[in-house]
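Numbering (the numbering used here), first residue to last: 7 to 311. Note that the Cβ used here is the ideal one computed from N, Cα and C, for glycine as well. For reference, the structure is listed below as C-alpha cells.
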Ligand code: HEC
C-alpha cells in the first residue's frame with residue numbers, strides 16, 4: 007500500500023516540476039471544494055465580472071458604431087455642399103452675362119446673384135433650419151476682409167488648415183466638446199477649380215491673387231452635435247444591462263433554490279445513514295452478547311454433564 011507514495015517521494019527531489027504539479031493539483035482541488043461549498047456566491051461573482059466585461063465591450067462597440075455613422079453622414083453632407091457649390095460655380099456663375107454680377111450683398115442689388123460661397127452658406131442655413139442638426143463653416147488663412155468669420159477661430163480650425171494643406175485628400179476630424187456639447191467636427195479641403203481661380207485672382211477684395219487650380223483655398227467644416235445620439239445609445243445599453251441583470255438574478259436564484267434543496271436532501275440522507283449505522287452497531291452488540299450467553303450456557307451444560 008505504501009509503495010507508490012514512497013516512490014513518489016523518492017522521485018520528487020529529482021524532478022522539480024513534480025512539486026509544482028502537486029501544488030497545482032492541490033490548488034485545483036481547493037478551487038473545486040470552494041466552488042462546491044459556495045456555488046451560488048462564486049457563480050454570482052463570476053456573473054457580475056462577466057457582465058461588467060460585456061457592458062464595457064458593448065459600450066465601446068456602440069460608441070464606435072455611433073461615431074462611424076456620424077462620420078458617414080457628415081462626409082455625405084459635406085460632399086453635397088461642396089458639389090452644389092461647384093455646380094453653381096460652373097453652371098451658373100461662369101455663364102453669367104456681363105450685366106449680371108455675383109456678389110455677397112445680392113439681396114439688395116439689382117441684377118445680382120449670390121456668390122458661390124454665399125449660395126452654399128445660404129443652403130446650409132436652410133438645412134439647419136429644417137433641423138438636420140448640422141452646421142457648416144467656411145474659413146481659410148487668407149480671409150476676405152468682408153468676411154468677419156473668415157479666418158480660423160480656434161485650435162481645431164488652425165490645425166485643420168495645417169493638415170488639409172499637407173493632406174488635401176484626407177478629411178480632418180475630431181470628436182470634441184464644443185460650446186458645451188459633444189460634437190463631431192469634420193473639415194475637408196476646399197480646393198480651387200478653374201471657375202473659382204478666375205474670380206478669386208481678379209476680385210478687387212481678394213487677399214491673394216495667384217491661386218492655381220487644385221490649391222487648397224480653405225476648409226469647409228461641418229459641426230455635428232452628438233449628444234442626442236450618444237444619449238440614445240446609452241439608453242439602449244441601459245436596457246440591455248437591466249435585461250441581462252434580470253436574467254442573471256432569476257438564474258442565480260433558481261440555482262440557489264436548487265442547491266439549498268439538494269443540501270437539505272443530502273442532510274436528510276446523512277441523518278438516515280447515521281441512524282442506520284447506529285442500528286447496525288447495536289445489532290452487532292446484541293449478536294456478540296447472544297453469542298457469549300450461548301457459549302456460557304454451553305460451558306455450563308458441559309460442566310453439569
Ligand atoms: C464670382 C466670384 C467667385 C467665384 C466664382 C468663387 N468665389 Fe469664392 N469667394 C468670392 C468672394 C467675393 C468671397 C468673399 C465672400 C464674402 O465676402 O462673403 C469668396 C469667399 C470664398 C471662400 C472663403 C474665404 C475666406 O476665408 O474668406 C472660400 C474658401 C472660397 N471662396 C472658395 C471658392 C471656391 C472653392 C470656389 C469654386 C468652387 C469659389 N470660391 C468660387 C468670390 C468667388
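- Ranked by Cα distance from residue 237, the first of 80, 33, 187 is 187.
- Taking 8 angstroms as the cut-off, the beta carbon of residue 158 is found closer than this to the beta carbon of residue 167.
- Counting only residues of its own chain and dropping the five nearest sequence neighbours on each side, residue 105 has a CB closer than 8 angstroms to the CB of 117.
- Between residue 152 and residue 211, the C-beta gap is smaller than 8 angstroms, which places the two residues in contact.
- Here residue 230 is buried: its Cβ has 16 or more other Cβ atoms, across all protein chains shown, within 10 Å.
- Taking C-beta separations shorter than 8 angstroms and ignoring five residues to either side along the sequence, the partners of residue 72 in its chain run 232, 235, 236, 239, following chain order.
- In the three-state reduction of the DSSP assignment, residue 219 falls in the coil class, being assigned neither a helical nor a strand state.
- For residue 178, the three-state secondary structure derived from DSSP is strand.
- In the structure shown, the three-state DSSP call for residue 119 is strand.
- Shortest gap from the CB of residue 105 to any heavy atom of the ligand HEC: 7 angstroms or more.
- Given a length threshold of 4 residues, each whole run of the alpha helix (DSSP H) inside the region 140 to 217 is given here in chain order: 161 to 172, 200 to 208.
- Contact fails between the region 120 to 127 and the region 65 to 84, because fewer than three Cβ pairs, one in each stretch, are under 8 angstroms apart.
- Within the region 58 to 134, complete alpha helix (DSSP H) segments of at least 4 residues are not found at all.
- Assignment of residue 137 by DSSP, reduced to helix, strand and coil, places it in the coil class.
- Residue 109 and residue 205 have their C-alpha atoms spaced approximately 11 angstroms apart.
- The region 135 to 146 and the region 213 to 226 touch, with no fewer than 3 CB-CB distances between them shorter than 8 angstroms.
- With fewer than three CB-CB distances shorter than 8 angstroms, the region 256 to 272 does not count as touching the region 79 to 99.
- In this structure the region 96 to 104 does not touch the region 178 to 196; the number of beta carbon pairs closer than 8 angstroms is below three.
- Of the other Cβ atoms in all chains shown, fewer than 16 fall within 10 Å of the Cβ of residue 219; this residue is therefore exposed.
- Nearest C-alpha to residue 263 among 171, 289, 55, 45: 45.
- Residue side-chain check: residue 210 keeps its Cβ at 7 angstroms or more from all non-hydrogen atoms of the ligand HEC.
- The alpha-carbon of residue 223 is positioned some 25 angstroms away from that of residue 189.
- In terms of CA proximity to residue 225, 176 leads the group 176, 34, 281.
- No residue range can be given for residue 311, since it is assigned to no alpha helix (DSSP H) and is classified by DSSP as neither H nor E.
- Here the alpha carbons of residue 276 and residue 296 stand approximately 30 angstroms from one another.
- Taking a 10 Å sphere around the C-beta of residue 142, we find 16 or more other C-beta atoms and assign the residue as buried.
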